[in-house]
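S.K.:
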Amino acid sequence: MTSACEENWRSELKATVRYDKIEKLSTGTSHKAAFAIETEAYNNSDSRATYENACNAILEYQVPRSEELGSDSTIPRSPGISIGQYTGCHHLASGLASEIYRSTTVALKVITETRNVEPHNAAREVKILSNISHASIVRLVSTFKDVEGRLVLVFPYMPLTLAKIIQTASVPESLIRVCFHDLLSALAYLHSNNIIHRDVKPSNVLLSSPTGPAYLADFGTSWHPTFSLNDEPADYKVIEVGTTCYRAPETLFGNRSYNASLDMWATGTMLAECLRKPPKPLFESRDTSEDGNQLGLILSIFKRLGTPTIETWPEAEAFSTPPFLWYQEFPGKSWEDLLPEVSEDGRDLIRGLVCYESRRRLSATEALKHQFLNSFTTT
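Just so we're aligned, residue 646 is where the sequence shown starts under my numbering, counting upward by one.
1) Please determine if the segment 889 to 896 and the segment 937 to 952 are in contact, where contact requires at least 3 C-beta pairs separated by less than 8 Å.
2) Look at T966 and G865 and say whether their C-beta atoms are less than 9 Å apart.
3) With DSSP collapsed to three states, give me the class of G1000.
4) With a 10 Å radius around its C-beta and 16 neighbouring C-beta atoms as the bar for buried, classify A768 as buried or exposed.
5) Have a look at G715 and L820 and give me their C-alpha separation to the nearest angstrom.
6) Between the segment 1008 to 1022 and the segment 906 to 914, do at least 3 Cβ pairs fall closer than 8 Å?
7) Below 9 Å between beta carbons: does that hold for L805 and L852?
8) Since A859 sits in a beta bridge, which residues does DSSP pair it with?
9) Can you have a look at V762 and say buried or exposed, based on whether 16 or more other CB atoms are within 10 angstroms of its CB?
10) Would DSSP call G887 helix, strand or coil?
11) Return the Cβ separation of R921 and L984 in integer angstroms, given the expectation that the two are a contact with Cβ distance under 8 Å.
12) With C-beta atoms as the reference, is L753 less than 9 Å away from L798?
13) Helix, strand or coil, according to DSSP, for T1030 in the structure here?
14) With H, G and I counted as helix, E and B as strand and the rest as coil, what does DSSP make of E793?
15) Determine, using beta-carbon pairs with one atom in the segment 772 to 787 and one in the segment 830 to 846, whether at least three such pairs fall under 8 Å.
16) Name the residue from S656, E818, S787, L785 whose alpha carbon lies nearest to the alpha carbon of P855.
17) By alpha-carbon positions, which one of R1005, S748, E918 ends up nearest to I726?
18) State the DSSP-derived secondary structure class of Y696, mapped to helix, strand or coil.
19) DSSP three-state call for V823: helix, strand or coil?
20) Do you know how far the Cα of F789 is from the Cα of G729?
21) CB-CB under 6 Å to T957, same chain, minus the five flanking residues each way: which ones, in chain order?
22) Identify the residues that DSSP records as bridge partners of V755: which are they?
23) Give the straight-line distance between the Cα atoms of E929 and V755, rounded to the nearest whole angstrom.
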């Protein structure tokens, strides 16, 4: 039950406090924009704590993040566009079926593809997000239709992604531990409910500050044991899932009965990328739209891990296109050679995630107990 203090927080907030917030915000943008940011935080927050968090998130992003992360991004000075009730919306990113905009304290996901192109399904994404709740999964605030009739999903705005941090050429190990502890917590929750995210990658790990916490986002291609069954039976799922170098090998060889271990492969490749110095993808892959992208990824995996055999990948014998008849055999490299600068604990966790046989991969719950993360959680 909401307390009277929480209900009356606006009347108890002194004007001098609000003015101080505006002055601090204006150090990274114009005074007019700072006023608009503070006003939206004031109007849209349901408590003093929410108001403080909204303002502080912007304050942390403006100057310290630009210096720490080598980014010149600040709050845009242009007026932006209006989307529904939200004004000052600025474009952040584009995807196959959506565009992302920011309006001060919220992010708007505008669905631009009116027809579902499986596995992209906006209605299913809304249903999944409306039926799950976890501290490390981005929260769906609301949905609405814009003037063009497009579906819009509203989320809390997060100023950083793990992808953006990777681009700085150095990821602090303390942040890596935070990000992957939060990511694995989210995946353990999803997998316990038989939900497969299917697009785990650095740009879908959002951060509220340079030190975390982290949130798993973008459920536009996720598989749900109930909501997905009409379009994708459990034994005949879409295999065109995942992004470039994070795609699991079972989808590359036609296994439509894959399970949640798909997410664990992607998590392991992402962890290896973050721990390498400088950060670099473990496997090479062209953009999904480019010819030969799948073959290039397969060859990259084989060259690093070795061409699989029935002994190293027994489940693949049942795939529609088994990988055992390739014209060239690659011996593969040891994890010590692949990741010489990574600690043994880090290599051991990656080894447990990035392996051909999906049944041998660590689950999210098991990975959470690994020494690499356990040493972080107990300090």
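No residue lacks a Cβ here, since even glycine has one placed at the ideal position from N, Cα and C.
M.R.: Quick look at the numbers:
1) yes
2) no
3) In the sequence on display, residue 1000 carries Cys and not Gly. C1000 falls in the coil class under three-state DSSP.
4) exposed
5) Reliability of the predicted coordinates at G715 is poor, the pLDDT of 38 falling under 50, and no value is obtained from them.
6) yes
7) yes
8) L852
9) exposed
10) coil
11) 7 Å
12) yes
13) This structure leaves residue 1030 out entirely; the chain is present only between 646 and 1024.
14) coil
15) yes
16) E818
17) S748
18) helix
19) helix
20) 8 Å
21) Y1001
22) E744, V797
23) 31 Å
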